[in-house]
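The sequence shown begins at 1 in UniProt numbering and counts up one residue at a time. Backbone N, C-alpha and C define an ideal beta-carbon position, used for all residues, glycine too. From a predicted model like this one, the values you see are computed outputs, not experimental measurements. Data first, discussion second: the structure below is written as structure tokens.
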Amino acid sequence: MPSLQTVLPPELANNVIRQHNTKLLVDMVRQQFKKNMLETDPEKIQKLKDE
């Protein structure tokens, strides 16, 4: 599993870690993944990765 620093912008990841909301954040990332996991359009996939 990637670390929070690689999934999120550094300032947000640091805030989350500092506030011990890691479980909440992981749940949010998982929800986003499940929502978009069947996406097949390469451009849309890249856009989601860049966000």
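Which whole-angstrom value is the C-beta distance of residue i and residue j, which I expect to be below 8 Å?
| i | j | result |
| --- | --- | --- |
| Glu39 | Ile45 | 6 Å |
| Asn36 | Leu48 | 6 Å |
Where do the N-terminal and C-terminal ends of the alpha helix (DSSP H) with residue i fall, by residue?
| i | result |
| --- | --- |
| Leu25 | Thr22 to Asn36 |
| Pro9 | Taken as a continuous stretch (DSSP letters only), Pro9 belongs to no alpha helix (DSSP H), as it is neither H nor E. |
| Asp50 | Pro42 to Asp50 |
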